[in-house]
Amino acid sequence: MNSAMQVLFTIKDFQEMYYKNCEFYFDHAKDPVHDFNAQTAKLAFGLLSGHYSRQIPSDEYFPFQPSSIVRPQMFRSLIGHGHPEFGTKQQQDAAEFLEYFLEQVHKHCLNDPTPDASLDPSTCFQFQLEERLYCPETTQVRYLTRDDIMFRMNIPLDTAKNMHEVLHYNKTKANMEKQGLRTNELPVVRPIVPLTQAIARWAEPEIVEDFRINRERPKATIRKTQRFLTFPDYFLIQLKKYTYNDDWTPRKIDVSMDVPDEIDLSSLRATGLLPGETPMPDDHEKATLLTREQINENLLEQLVSMGFSIEGCKKALVNTGNNSIEAAMNWVFEHQLDPDFDTPYHVSNRSSTPTVSY
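If you count by numbering that gives the first Met the number 0, then the sequence shown holds residues 0 to 357, one letter each, in order.
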């Protein structure tokens, strides 16, 4: 929570909403202890006013100088209330907390008193992705769009620019372990993966098996590519650092990312239906659309065969695009200890469900 909130309040949209209007929220809070906007404004004041970053002078009677810190205990208690994970003191996933917090920001901007509803700072991260589905058998295409607030990517370790050094380090470490030698003093060599390579891997076509174009045609193998239909004011990037071993046990990747100062994503801008492209037929049945709410039965069977609960596997597929066994496995490893992992999955009618566009 600490790092997430510090990052958010470096953004002008959050400063405008909660710091510059903090007096408004303090005056309008009927129950400040349980008022989301008041507690968030209180945190903003603590971080941005400067009152809590001044050095405390010492004297001969009190030589100890306590650190100037902000401890938002009431905010932490409120934001985690009723949540199975954020209500505990366990280590939290930063990406999950950011998503949850931004949902709360949006909800309270809509429902609570605010000096200006257009100030909703959560919108600065919103963007749309376009998914292009291409069937080689029919040469037909389908375009889907979906909303998101986070650019999620796997880390392609095979693109590390120091691969030779990494392989040499791994070999040396393995030999030392075989000889019973301690490896504590062996300098660690981490893979260095350029962020541009992760983006390039994300942009590559994905193979989707068992896709049904419509009820009259058999299932087919198609290619899916993703592009940006719109861009946000600020990009939240989530690098997925979990993978799995040959025996399907989870493993966190120890890797360094090479992040450039500037990234040009203009080549990844969506185009929509191009001249000469033929749209796939639509029989107006929701069951024939590839949406986040469908369950790929083939992938579901593979996941369940690994020993995970069917409900947890359904959630893994829905939350990772429903087309990648590796992405679903990563999700399972990250969430299998969640209290609601095994609870029954229900199809929702979220506005973020992809819609067809031609």
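Just so you know, even glycine gets a beta-carbon here, dropped at the ideal spot from N, CA and C. Remember, predicted model here, so these are calculated numbers, not experimental data.
Check	Outcome
Among R145, V188 and N36, which one has its Cα closest to the Cα of M162?	V188
If we count the other Cβ atoms within 10 Å of its Cβ and call it buried at 16 or more, is M279 buried or exposed?	buried
Leaving out five residues before and five after L427 in sequence, what residues of the same chain have Cβ atoms less than 8 Å from its Cβ?	Residue 427 cannot be examined here, being either before or after the span of the chain that is shown, 0 to 357.
May I have the straight-line CA-CA distance separating K240 from E130, to the nearest angstrom?	24 Å
From T141 to M73, what distance separates their C-alpha atoms?	It should be noted that the sequence gives Arg, not Thr, for residue 141. Near 48 Å, if we compare the C-alpha coordinates of M73 and R141.
Could you say if the stretch 197-214 and the stretch 269-278 meet the contact criterion of at least three C-beta pairs nearer than 8 Å?	no
Give me the residue from E310, A94, T39 and L42 with the minimum Cα distance to P343.	E310
For the alpha helix (DSSP H) that contains D146, what are its first and last residues?	No alpha helix (DSSP H) contains D146, which is instead part of the beta strand (DSSP E) from Q139 to D147.
In the DSSP assignment, what residue or residues form a beta bridge with E15?	In the DSSP output, where bridge partners are listed per residue, E15 has none listed.
Taking the alpha helix (DSSP H) that S323 belongs to, which residues open and close that run?	First-last for S323: undefined, no H or E at that position.
Determine, using beta carbons only, whether Y193 and T158 come nearer to each other than 8 Å.	It is Pro, not Tyr, that sits at residue 193 in the sequence shown. The answer is yes: Cβ separation under 8 Å.
Excluding the 5 residues preceding and the 5 following D232 in the sequence, name in chain order all residues of the same chain whose CB lies nearer than 6 Å to its CB.	C123
Is there a Cβ of chain C sitting closer than 8 Å to that of F150, yes or no?	Looking for chain C here will not work: only one protein chain is present.
Measure the C-alpha to C-alpha separation of E15 and E261 and round it to an integer number of angstroms.	26 Å
Reducing DSSP to helix, strand and coil, say where I309 ends up.	helix
With DSSP collapsed to three states, give me the class of R291.	Residue placement at R291 is poorly supported in this model, since its pLDDT is 48, which falls under 50; the coordinates still yield a value, given next. Looking at R291 - three-state DSSP - the assignment turns out to be coil, as it is neither helix nor strand.
Do you know how far the Cα of D337 is from the Cα of A40?	30 Å
Starting from the Cα of A43, find the closest Cα among N1, D30, K29 and G79 and give me that residue.	N1
Could I get the ranges of all uninterrupted alpha helix (DSSP H) runs contained in the stretch 176-242, with 4 residues as the minimum, in chain order?	194-202
Quick one: what's K41 bridged to in DSSP?	None, per the DSSP bridge assignment.
Excluding sequence positions up to five away, which residues of its chain have a Cβ less than 6 Å from the Cβ of N153?	K239
Quick one: using the 10 Å Cβ neighbour count with 16 as the cut-off for buried, is M4 buried or exposed?	buried
If you measure between the beta carbons of Q225 and F150, is that distance less than 8 Å?	no
Candidates F227, G179, D245 and V258: which alpha carbon is nearest I191's?	V258
Taking N321 as the reference, which of N297, Q335, F340 and D341 has the closest Cα?	N297
Could you check what DSSP says for Y51 in three-state terms: helix, strand or coil?	coil
Helix, strand or coil, according to DSSP, for Q5 in the structure here?	helix
Here's the rule I'm using: 16 or more other beta-carbon atoms within 10 Å means buried, otherwise exposed. How should K223 be labelled?	buried
Taking 6 Å as the limit between beta carbons, can you name the residues of its chain near N318, skipping five residues before and five after?	W330
Taking only the alpha-carbon atoms, compute the straight-line gap between S265 and F230 and give it to the nearest angstrom.	10 Å
Short of 7 Å in beta carbon distance, which residues of its chain neighbour A93, apart from the five on each side in sequence? Order them along the chain.	S2 and A3
Per the DSSP calculation, S255 is bridged to which residue(s)?	I191
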